[in-house]
Amino acid sequence: MPFRYVDSFILHDWFEKDVGDGAHVPIFLLRPVEEATHAPHQSYCVRRNEQVQLIPVERHSLLSALRDGSVDPRSMRPEARLEKSFCLFMLQQGYPVWRFEIRHTVGCHPLYTDVWVGGVNLLLETKAKADREHVRQAVAQVIDYTRFLSNPYRAVLVPERPEGDLLKLAHTQRAAVIWPGPRGDWESSAMWLSRLGVTYRR
Numbered sequence: 000m001p002f003r004y005v006d007s008f009i010l011h012d013w014f015e016k017d018v019g020d021g022a023h024v025p026i027f028l029l030r031p032v033e034e035a036t037h038a039p040h041q042s043y044c045v046r047r048n049e050q051v052q053l054i055p056v057e058r059h060s061l062l063s064a065l066r067d068g069s070v071d072p073r074s075m076r077p078e079a080r081l082e083k084s085f086c087l088f089m090l091q092q093g094y095p096v097w098r099f100e101i102r103h104t105v106g107c108h109p110l111y112t113d114v115w116v117g118g119v120n121l122l123l124e125t126k127a128k129a130d131r132e133h134v135r136q137a138v139a140q141v142i143d144y145t146r147f148l149s150n151p152y153r154a155v156l157v158p159e160r161p162e163g164d165l166l167k168l169a170h171t172q173r174a175a176v177i178w179p180g181p182r183g184d185w186e187s188s189a190m191w192l193s194r195l196g197v198t199y200r201r
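Using numbering that gives the first Met the number 0, the first residue of the sequence shown is number 0, and each one after it goes up by one.
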């Protein structure tokens, strides 16, 4: 007889399990709500219309594969590798990661954001380089996406710290910049991100 345990939980992660004959079942990893480092997830970032849908991050199953070592990170595109590493970091901090599908115009392909961090309403765009072309493009993208959302925090994720003028560019558009630190940690140009475990660097 199966046991039933009733309590308050948050979704830590999920993956699909192969049960044979081509069938898959979803496996949900839960954590007691008392262990959360933030308030339980609410979709307060989504405006109440049919244009915006919350969906799993791109290749969500790779998050579990990276964690258990069944996928070599070096086989991934640099941009995807960077994004998945940060997503794993957020999951370890207790924050769910999602993305948005934005149906902006009837008859046109929808827009897809890179990452949205639940609980803190952080919209993230990832780029493979920290040069002017890529930073400008990322800033423009998060500005575009924000038109359909309810005032999310904005950030650009890049593989290294950009030059000072590009940090200023991002800041003028209310966007932080995040990059990998030298000790396997994460650094940012925005002090408020320190509450997520990201180190602030001027």
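Glycine is no exception: its CB is placed at the ideal position from the N, C-alpha and C atoms. From a predicted model like this one, the values you see are computed outputs, not experimental measurements.
Taking C-beta atoms under 8 Å as the contact rule, Gln52 and Gly196 fail to qualify, at a distance of about 28 Å. With contacts defined as CB atoms closer than 8 Å, Arg102 and Tyr111 fail to qualify as a contacting pair. According to the DSSP assignment, Ala189 belongs to no beta strand (DSSP E), since it is labelled neither H nor E.
For Glu162, there is no enclosing beta strand (DSSP E), as DSSP marks it with neither H nor E. Contact annotation: Glu162 and Val114 have beta-carbon atoms that are not nearer than 8 Å.
Per DSSP, Pro181 lies in no alpha helix (DSSP H) and is assigned neither H nor E.
Glu124 is not a Cβ neighbour of Val105, given a cutoff of 8 Å. A Cβ-Cβ contact shorter than 8 Å links Leu122 with Pro151. Where Val96 is concerned, the enclosing beta strand (DSSP E) starts and stops at Val96 to Ile101.
Cα atoms of Leu166 and Leu148: separation of roughly 24 Å, rounded to the nearest angstrom. The Cβ atoms of Arg153 and Ala139 lie no closer than 8 Å to each other. The alpha carbon of Leu156 has as its nearest neighbour, out of Met190, Ala79, Val119 and Gly118, the alpha carbon of Ala79.
With a threshold of 16 other beta carbon atoms within 10 Å, Ser188 meets it and is buried. With a 10 Å radius around the Cβ and a threshold of 16 neighbouring Cβ atoms, Lys16 comes out exposed.
Annotation for Leu123: the continuous beta strand (DSSP E) segment containing it runs Leu121 to Thr125.
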